[in-house]
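Following: one structure in structure tokens, then a few remarks.
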Amino acid sequence: MSTPQTRTLNRALERCGGGIALAKALGVTIEVLSGWLAGDDVPPKIYLSALDIVAMGSLGSANLNG
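Those letters in the sequence shown? Residues 10 to 75, by this note's numbering.
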């Protein structure tokens, strides 16, 4: 089932370039990350960290100079 948490983790996965990089950024093992991506409950702190990764990627790719 797709939840806001799993959708955000998947976007963060794309921003980081893969599971190993995202797991490292979140400070967890790839096995734990895989569980969350498969639908296990995502801790609030991890969800907020994933939101930060997605937001920073969006800001980094935005043209802020108009």
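Ideal placement from N, C-alpha and C gives every residue a C-beta, glycine not left out.
| query | result |
| --- | --- |
| Note down the Cα distance separating Ser-43 from Leu-18, rounded to an integer number of angstroms. | 10 Å |
| Express the C-alpha separation of Val-37 and Cys-25 in angstroms, rounding to a whole number. | 14 Å |
| To the nearest whole angstrom, what separates the beta carbons of Ile-29 and Ile-39, a pair I think is in contact under 8 Å? | 6 Å |
| For Leu-22 versus Leu-31, is the C-beta spacing smaller than 7 Å? | yes |
| Can you grab the Cα-Cα spacing for the pair Ser-58 / Ala-64, in whole Å? | 10 Å |
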